[in-house]
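Residue numbers (my numbering): 606 to 731.
From the three backbone atoms N, C-alpha and C, an ideal C-beta is built for every residue, glycine too.
Quantities reported herein were computed from a predicted structural model and do not represent experimental measurements.
For reference, the structure is listed below as structure tokens.
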Amino acid sequence: HTQSTGNGSKSRGGLPTPSPSAFIIAPGTTTLDDMVHDIKQGLVIEHLMGAGQGNILGGDFSGNVLLGYKVESGKIVGRVKDTMVSGNIYQLLKQITAIGSEAKWVGGFLQTPPLYCPSLSVTSKG
């Protein structure tokens, strides 16, 4: 049995609804360096904008990478620009292969360690 904490939220003009005030993902055991070392070609994404848009019920999302780094042969080789990622959150969560050992607060409501997701669609200009 869980005790009520009374958390809720409402949108402008909307009715209040129960909602969490924080979402916390427990850290795993893999370091970020170990995750990067395992990537043949991919991205390390630090900041993503707009990922909350899309088909919320179906889980489809897309977002612009505000701060991200290109990885080749296990090494970060530079920053990426004009890059977007997309996928399905339900499929993505099933495919997580490692969870990082150090969690950080993101936006004041989400605490998450790095998550190693091997398959995500990436679109980049140039």
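Straight-line Cα distance separating residue j from residue i
| i | j | result |
| --- | --- | --- |
| Asp638 | Ser726 | 22 Å |
| Gly659 | Gln700 | 20 Å |
| Pro723 | Ser616 | 35 Å |
| Ile694 | Thr610 | 27 Å |
| Gly633 | Gly713 | 21 Å |
| Gln696 | Pro621 | 30 Å |
Contacts around residue i, its chain only, beta-carbon distance under 7 Å, and the 5 residues preceding and following it disregarded
| i | result |
| --- | --- |
| Leu715 | Phe628 |
| Gly692 | Phe666, Leu725, Ser726 |
| Met640 | Ala703, Gly705, Pro719, Tyr721 |
| Val711 | Thr717 |
| Ile644 | Val676, Gly679 |
| Gly647 | Val676 |
DSSP bridge partner residues for residue i (one or two, in chain order)
| i | result |
| --- | --- |
| Gln646 | Glu677 |
| Gly692 | Phe666 |
| Ser614 | Thr622 |
| Gly683 | Lys675 |
Extent of the continuous beta strand (DSSP E) run through residue i
| i | result |
| --- | --- |
| Val711 | 709-711 |
| Gln716 | 715-717 |
| Val727 | 726-729 |
6 Å CB neighbourhood of residue i in its chain, flanking five on each side removed
| i | result |
| --- | --- |
| Ser626 | Asn612 |
| Ala656 | Phe666, Gly668 |
| Pro623 | Gly613 |
### Task
Count the C-beta pairs between the segment 682-689 and the segment 701-721 that are closer than 8 Å, then say yes if the count reaches three, no if not.
no
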